[in-house]
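In terms of our numbering, the sequence shown is residues 62 to 315.
Encoded as structure tokens, the structure appears first; notes follow it.
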Amino acid sequence: MKSATDVHWNERAATVKDDVEVNIMDIFQREIEYDYVCRYLTAEMRLLEVGCGNGFSTARFRPLVRHVDAFDYAENMIDRARARVGETNNRFFVDNVLAPASMGSAYDGVVCIRVLINLRNLSEQRAALENLDRVLKPGGLFILAEGFREGFAALSELRQRVGLPPVQPASINVYSAQEELLPFFRAGYEPVDEFHLGSYDYLTRIVYPLIVGAENAKHNTVFSEKCAQLARQHNPECMKEFSRMRGFVFRKRR
């Protein structure tokens, strides 16, 4: 039986006409995420993309690698991806990260962006990581970019101190703490890099609503675009605590 989250994404694929916004409301956040991910994609890489949605991300990744296997649990998303993006050096397919049936094996890289938050609990999130670990070959890269509780808590605390309401995570998502998920990688992986969107979240979730009023704050404004430009150039470690999304790159031990 499909969860409310699964139903949500199938419905969005069927009803949201804008290919740019069907997967995420904040398109500038996504572009910053992709900039980081693409740094680690190489021409010889055989890549597994988890939760590809309508293929918007696949179209960004596939010119950089040898092949992309891209899957999603929402059938309507995969139908839309095949129609919109097509298949060249990539394959779109429906699969379940909790019970994989169509994944390949021995991938050079796994990209998992905002997928675990769509699972129902921490147990499912850990099970998903175990399944993805099985298909990543030794020496391969695991690129994980997920939302975590810590960033939401830090943003909400500061917002409330300046008279703004707390950030409300989407009701369909489950946000775990970093220390609940990251220990999975300690035994079998070497840390390569990590990234955050702290400057962008600080500017768009605190400064912007302070200027226009929380009730008037919207996604994908000119202000958001300018904030993304600034965040690309200045994203210091001191802003990391405000990042709703954290990215980690691990290399599987040989």
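Ideal Cβ placement from N, Cα and C applies to all residues, glycine included.
All values reported here derive from a predicted model rather than from experimental measurement.
Buried or exposed (CB count within 10 angstroms, at least 16 for buried), residue i
i, result
"A104", "exposed"
"Q290", "exposed"
"H257", "buried"
"V273", "exposed"
"A238", "exposed"
"R247", "exposed"
"R305", "buried"
"A189", "buried"
"R127", "exposed"
Spatial distance of residue i from residue j (CA atoms)
i, j, result
"L279", "R315", "It should be pointed out that residue 279 corresponds to Lys in this sequence rather than to Leu. Near 46 Å, if we compare the C-alpha coordinates of R315 and K279."
"L242", "R187", "7 Å"
"R293", "I93", "7 Å"
"N115", "R181", "22 Å"
"L183", "E148", "33 Å"
"L159", "A275", "38 Å"
"L197", "F245", "14 Å"
"E191", "G249", "11 Å"
"I85", "R91", "8 Å"
"E185", "D194", "14 Å"
"G308", "M300", "14 Å"
"R145", "F117", "9 Å"
"E286", "P161", "37 Å"
Own chain partners of residue i with C-beta closer than 6 Å, once the 5 adjacent residues on each side are dropped
i, result
"I139", "D133, F153 and V155"
"L264", "C288"
"V129", "L108, E110, T119, F122, R123 and N151"
"N281", "I88"
"F284", "Y269"
"Y95", "R121"
Spatial neighbours of residue i in its chain, beta-carbon cut-off 8 Å, leaving aside the 5 residues before and after
i, result
"V253", "Y101, L202, V310, F311 and R312"
"I267", "L216, L219, R220, V223, L225 and F303"
"N296", "H257, L258, G259, S260 and Y261"
"E99", "First, the residue type needs correcting, since residue 99 is Cys and not Glu in the sequence shown. So the qualifying residues of the chain are R121, F122 and L125."
Cβ-based neighbour list, residue i, same chain, cut-off 7 Å, excluding 5 preceding and 5 following
i, result
"Y236", "I178, G208, F209, R210, F213 and P230"
"E251", "F311, R312 and R314"
"L298", "One detail in the question is off: residue 298 reads as Glu in this sequence, not Leu. Excluding sequence neighbours, E298 sits near nothing in its chain."
"V228", "F213, L216, S217, R220 and R266"
"D67", "Y134 and A135"
"P199", "K313, R314 and R315"
Rounded Cβ spacing between residue i and residue j (contact assumed at less than 8 Å)
i, j, result
"G112", "I204", "In fact, because the Cβ distance is near 13 Å, the residues do not count as touching under 8 Å."
"G170", "M106", "5 Å"
"I233", "A65", "6 Å"
Minimum Cβ-Cβ distance from residue i to chain C less than 9 Å
i, result
"V68", "Judged by its chain identifiers, the structure shown contains no chain C, having just a single protein chain."
Residue i: CB within 8 Å of a non-hydrogen atom of the ligand NAD
i, result
"F89", "This structure lacks the ligand NAD, and indeed carries no ligand of any kind."
In chain order, which continuous runs of the beta strand (DSSP E) of length 3 or greater are located wholly inside the stretch 141-180? If only complete runs of 3 or more residues are kept, the stretch 141-180 shows the beta strand (DSSP E) at 151-155 and 168-174, in order along the chain.
Whole runs of the beta strand (DSSP E) within the stretch 185-248, excluding any shorter than 3 residues: For the stretch 185-248, the continuous beta strand (DSSP E) assignments of 3+ residues that do not extend past its boundaries occur at 197-208, in sequence order.
Would you list, in sequence order, the uninterrupted beta strand (DSSP E) runs of no fewer than 3 residues that lie entirely inside the stretch 246-301? Those beta strand (DSSP E) runs which fall completely within the stretch 246-301 and span 3+ residues are 250-257.
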